[in-house]
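Chain order of the listed sequences is A, B and C.
This note's numbering applies: residue 1 is where the first sequence begins, and numbers increase by one.
This note's numbering applies: residue 464 is where the second sequence begins, and numbers increase by one.
This note's numbering applies: residue 927 is where the third sequence begins, and numbers increase by one.
Note that beta-carbon positions come from the ideal geometry of N, C-alpha and C, so glycine has one too.
Only one structure is covered here, and it is reproduced in the block below.
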Amino acid sequence: MRSPLHQNQLTLILGLFQAAFLVTFALFGSYAPSALPSNGKDVEEATRMTNLYPLFQDTHVMIFIGFGFLMTFLKRYGFSAVSINMLLAVFTIQWGIIVRGMASAPHGFKFTISLEQLLTADFAAAVILISMGAMLGKLSPTQYVIMAFFETPVALIVEHICVHNLQINDVGGSIIVHAFGAYFGLACAKGFGKKEQRGHQNEGSTYHTDIFAMIGAIFLWIYWPSFNAAVAATDDARQRAVANTFLSLCACTMTTFLVSQAVDKHKRFDMVHIANSTLAGGVAIGTTANVVLEPFHAMIVGVIAGAVSVIGYKYITPFLSEKLGIHDTCGVNNLHGMPGLIAGFASIAFLFIYDESQYPAQYDKIYPGMARSEDGKRMFDEKTQALNQLMAIGLVFLASSVSGYITGLLLKLKIWDQVRDEEYYADGDYFETPGDYDFTSRIVTSVQKIEVAEYNPLSQKEV
Amino acid sequence: MRSPLHQNQLTLILGLFQAAFLVTFALFGSYAPSALPSNGKDVEEATRMTNLYPLFQDTHVMIFIGFGFLMTFLKRYGFSAVSINMLLAVFTIQWGIIVRGMASAPHGFKFTISLEQLLTADFAAAVILISMGAMLGKLSPTQYVIMAFFETPVALIVEHICVHNLQINDVGGSIIVHAFGAYFGLACAKGFGKKEQRGHQNEGSTYHTDIFAMIGAIFLWIYWPSFNAAVAATDDARQRAVANTFLSLCACTMTTFLVSQAVDKHKRFDMVHIANSTLAGGVAIGTTANVVLEPFHAMIVGVIAGAVSVIGYKYITPFLSEKLGIHDTCGVNNLHGMPGLIAGFASIAFLFIYDESQYPAQYDKIYPGMARSEDGKRMFDEKTQALNQLMAIGLVFLASSVSGYITGLLLKLKIWDQVRDEEYYADGDYFETPGDYDFTSRIVTSVQKIEVAEYNPLSQKEV
Amino acid sequence: MRSPLHQNQLTLILGLFQAAFLVTFALFGSYAPSALPSNGKDVEEATRMTNLYPLFQDTHVMIFIGFGFLMTFLKRYGFSAVSINMLLAVFTIQWGIIVRGMASAPHGFKFTISLEQLLTADFAAAVILISMGAMLGKLSPTQYVIMAFFETPVALIVEHICVHNLQINDVGGSIIVHAFGAYFGLACAKGFGKKEQRGHQNEGSTYHTDIFAMIGAIFLWIYWPSFNAAVAATDDARQRAVANTFLSLCACTMTTFLVSQAVDKHKRFDMVHIANSTLAGGVAIGTTANVVLEPFHAMIVGVIAGAVSVIGYKYITPFLSEKLGIHDTCGVNNLHGMPGLIAGFASIAFLFIYDESQYPAQYDKIYPGMARSEDGKRMFDEKTQALNQLMAIGLVFLASSVSGYITGLLLKLKIWDQVRDEEYYADGDYFETPGDYDFTSRIVTSVQKIEVAEYNPLSQKEV
């Protein structure tokens, strides 16, 4: 069905990229001292495997199991969801290490790798996998890889500006990871949009695929505290980030159940909300997980995020799709986009709610731009810092939208292998599928009982 | 179908509770010093994220993935199992932090939160989720929440008496968590029982839901050593708790396979035993995981627990249901109840099997009531301690049974939204379900092969 | 159907073995000092729970969830895959602790148990579970246990020779765990082979069982760095092992997608490759995960492993089955066998690529046989060490093949309960199965839509 050029396109592209990655790592990459043999190491280095590795592994589960299984809810797209998630993640991890490494290289392009780089590479993968959620089912494997190729450097450069130039605090990456990924994905969906992508018969779940999705959802939920705490500077900040995220998620989950039922005509829960909106509290507290000092502040953030997210799924996603032509398959706007913005604005509010004196000997670790020099002066005051946080939100929104939209247009080009209209949200063209694929994913029934007692060859006529 | 009052009941209840939680946390809750910024911290505080957090996260997986997926075995109740598990957990975590915090507050009601409180909140959630197992499929979401509301304070006050007044050792919570949850659940099932709940056509599993349940079962199995070790006082006690639990689980699992096959007419394994009884060894060693000094003692406990649990599923659960009207959906008596009692009685036995001198400088950390003052005297001797362990078992059994039974009667009141008789063990009334819900969950077949070659609209007549 | 003798065989065997294990642990087993109460402990002991436990738990997830779910891909063998995996693991853990403990006992047979022994027991379980993969669906539970009984001591004695006599470095066990398990399994399959095992109608997957398998695959993928790093000697070596494994897996996964598509006639991905070959990079870097100092070296190893593994599934597995009568159900030759050999040969290459001076104060921790005495002399030079690594590969290949083949012949004896020809790769004879078992696992369709509107008892004639 696909032309030979399109059929072999991915082989070529993956081959070229992997070769280029290898050469780049060979020429410019090396391990950091903490991962190399030495006889005298400082204590901090030595404890990295103890302090950081468990948090890294939790994040790793979120990327591969969490995102991967969360997207298996589509009835005919489970193979793609979990596999392409894996492919994009390993692509972005390598590409992200290169881009981030070279961008941060003190001189030249040499970059070093230690546990931190593996962790931040996982963060970079999260950006791309969030965008994948908006585009889920609409792209061929080639197009997904091309999307990741373009999105990664934009995301990392914007992150670099936010962290190094604007010196913002975004410990859980809600602005630079979640909001960026979401609005890139939405803009890409707009640029790439065709009416055949909307109201497609392959959209929707089956009973068991919704349960598969819950595997991803719950692992994301469980390990989100680790995601938000992993790069916090001090031990108490990490513990605070864990507790804030935990409490925000709890309050968010209660609210999700509440609102999910309240907005439904038949007062039934919607599994889309349970699997996604329960996580919004993790995003919304992400930017300030190391800042918030009062448990109930974290809970309020969670309540708001849960309510906004469910309302987003119920009203905003259909509106975006039908009125604005922005089809967001997984509703990433509701799980990552709006909660990411909430996180950003909360970071401004908390700058004024809390006060430097409440962070003895730590304020500058949270906000490096507000570090006091010996004479007590500092580069930024609270207002400047707040303005920077705001500018970061604006920059992320703008840069992700523009680059996402252009990427969407680019992916429309006929040079790329395109998914056939009838095969949106379906594995069949790209994966070998077992014999029950059609059956399992197309059943629509309301039966009391089916009982088939023995084998009878079913001729086509009789059926 | 449900009256508007009943339809909107959960919205109201969740809203009220979440608002009350927020206000209570705002007025009385704050973070503990270890989670707050400070410049001089003692070493123990600083290592909490390193020492405790991995064990906490393992426990967290058990609560949300473990309990949640273990209960997905019912063919038509997968959405509820995994979702209501999540709802009850986040409800109980917040409610439990409040109750436990206020009960332990040195003066007034102020309570503090750190990683320990998040961990013990997960333990409180376990109590309620075990009771949920006995009631699985019989309650509306509202009723589940009401059950958790009443059960949590009783469980935590009983725990407080056991730990602070009776000074018992129950490191893995087998008495105060597992036995309490199980017997509360059984008594609640008795109080709430109707004959329509027994022998219902919706009970039972499908091939794939049994596999979903194994996800929960195996994660519980894997992380049980962390559950039993998490609150042990010293590093060697934690390692011992891990090893004892690990060995008990291994011996228990071997025994489960053995007995499961032995008691079956056709000598086939029963997945209910594989998914549940294999875990009984974790419960049965829980109380004394930090006490047992000989590997084979832990293994003997595991062997006994596995055998008792399978025999419970095979003979005791049907007996309780048919003769005593106690319908125990998940068989929590066999996984948590009887193994919890075994753990309690084992704790008495091991008090006399081992001897103070075998625990140099540690006996008082395991049994604070037996701490020697400077003149060598101690509050309790072994016999008193044994009596206290016994009294704790009795108290837990009594308090859980009485409070559970009353809760069961209370849940029967028509003011609560009730599940319709034909919809016991089914998601349909409370969750939006995909088109294959009826089909997938009602197939009963014995076929050699089904082959449907192409689409033919099936008119009702022809079928 | 089975004779009473065969039906009760497993009960008897499990009973005897568990009793023997109990007696052996009682007579010879005790906890190591680090797990026993004491008032003065050295620092290294005290940090074991902090340093080693998270890596142990990751490995534990790999054994029980990873291997267990990876093997659920067969459409009618999910119960067996996940349950027998559990049974063999707990059998081997106990049996392995005994064998390894007695083999390493300084005098007599007394052995001690601490966290390390639990970890290495999990490694021993991995050997047997890999062999199980080759035999999957062909053995009765009794036969699996007998296989594990014979394989465990051979594997552990060969390991002992490799590590203590030949002093090889094989930090991730790619030679002594993966290659041994794979070639034992293949030889066993040869010895046990019958033509009815090949091209069986029960082989193959369904849509959802392939997704179940991905749960196992991804958890293996995520935690493989922990497996390869767990027993590395120093903190930097552990971090290096993590990073090398991580990068090798990433490059391997890219290559797997590339080659999977390239070799397919319709340019579609094969889920067998995605679930298995993506992991080959973890095996192939296993032996030298603590040795490799250049990131791109690890990536090259990953690329080679991924390519070899996919080509193995596509061409070598069918060849072995059809031409040589070696039926390898899970293709363990492609995931564990050949990548294990690659790991072995890579360990020889890296001995000459890197140089003693690059490992200050650490060379002897990686290669104890090359430790320098005070006068600068050493037992082995690089060539001897290389020869030893080569001899280890040869020994593992030979010992596993011979012992596996003999075990296969032994399992053929009619004294053991045998699987009926028509019930290969099927749960039905050994597990109670729910009503949809036949239906769910025998559907073959290509339909546009199935809609069944209401219940109609289907008489056999009408169907």
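Query                                                                                                                       : Result
Short Cβ contact (7 Å threshold) for A:V310 with A:V259                                                                     : yes
Host beta strand (DSSP E) of B:Y435 (start-end)                                                                             : No answer is possible for residue 435 of chain B: it lies beyond the span of chain B, which begins at 464 and ends at 926.
Proximal chain B residues relative to C:G1142, where beta-carbon distance stays under 7 Å                                   : Here the premise fails: no neighbours, minimum Cβ distance about 10 Å.
Of the listed residues B:L872, B:K538, B:A806, nearest to B:D890 (C-alpha basis)                                            : B:K538
Proximal residues to C:R1026 (C-beta, below 6 Å), its chain only, five neighbours per side dropped                          : L1082
Contact set for A:V301: own chain, Cβ-Cβ below 6 Å, skip 5 residues either direction                                        : S248, A284, I285, A346
Closer than 7 Å at the beta carbon, the chain A residues around C:R1194                                                     : Y430, F431, E432
C-beta atoms of C:A1188 and A:T11 nearer than 7 Å                                                                           : yes
Partners in chain D for C:R1002, counting only beta-carbon separations shorter than 8 Å                                     : Any reference to chain D falls outside this structure, whose protein chains are A, B and C.
7 Å Cβ cut-off: residues of chain A touching C:P1390                                                                        : Not covered by the structure: residue 1390 of chain C. The range shown for chain C is 927 to 1389.
Short CB-CB distance (under 7 Å) between A:N202 and chain B                                                                 : no
Where B:L515 sits in the DSSP three-state scheme                                                                            : coil
Identity of the residue in B:K657, B:H469, B:A849 nearest B:P604 by Cα                                                      : B:H469
Proximal chain A residues relative to C:A1177, where beta-carbon distance stays under 7 Å                                   : Q18
Residue-level contact to chain B via CB, C:G955, 7 Å cutoff                                                                 : yes
For C:D1254 and C:L1246, believed in contact at Cβ under 8 Å, the rounded distance                                          : 6 Å
Helix, strand or coil at A:S205 according to DSSP, with G and I counted as helix                                            : strand
Distance between beta carbons of A:L70 and A:G216, contact taken as under 8 Å                                               : 3 Å
Rounded straight-line distance, which links the Cα of C:N1216 to that of C:S1299                                            : 23 Å
Alpha-carbon to alpha-carbon, A:I63 and C:L1313                                                                             : 41 Å
Interfacial residues, the stretch 844-868 of chain B to chain C, with Cβ spacing under 9 Å                                  : none
Alpha-carbon to alpha-carbon, B:M595 and B:V545                                                                             : 12 Å
Whole-angstrom distance between A:Q418 and C:G1125, CA atom to CA atom                                                      : 36 Å
Where A:S357 falls, given that 16 or more other Cβ within 10 Å makes a residue buried                                       : exposed
A:I218 vs B:G541 beta-carbon contact at 7 Å                                                                                 : no
Local Cβ density within 10 Å of B:F536, reported as buried at 16 or more and exposed below that                             : buried
Selected residue, minimal CA-CA separation from A:S277, among A:T206, A:V303, A:V158                                        : A:V303
For A:P54 and B:M516, believed in contact at Cβ under 8 Å, the rounded distance                                             : In the sequence as displayed, the identity of residue 516 of chain B is Tyr instead of Met. 7 Å between Cβ atoms; contact.
Selection of the stretch 87-104 of chain A by Cβ proximity to chain B, strictly under 8 Å                                   : none
Sequence-distant residues of its chain with Cβ nearer than 8 Å to C:I1024 (five each side left out)                         : F947, T950, F951, F954, G955, F1037
Close beta carbons around A:Y31, own chain, < 8 Å, minus the five adjacent residues each side                               : T112, I113, S114
Of the listed residues C:L1013, C:I1341, C:Y1363, C:D1362, nearest to B:C715 (C-alpha basis)                                : C:L1013
Buried or exposed by the 16-neighbour rule on C-beta atoms within 10 Å, applied to C:G1302                                  : exposed
Segment contact, 8 Å Cβ cut-off, at least three pairs: the stretch 642-652 of chain B with the stretch 1107-1126 of chain C : no
CA-to-CA distance, B:F759 to B:V608, given in whole angstroms                                                               : 42 Å
7 Å CB neighbourhood of A:R378 in its chain, flanking five on each side removed                                             : M370, A371, R372
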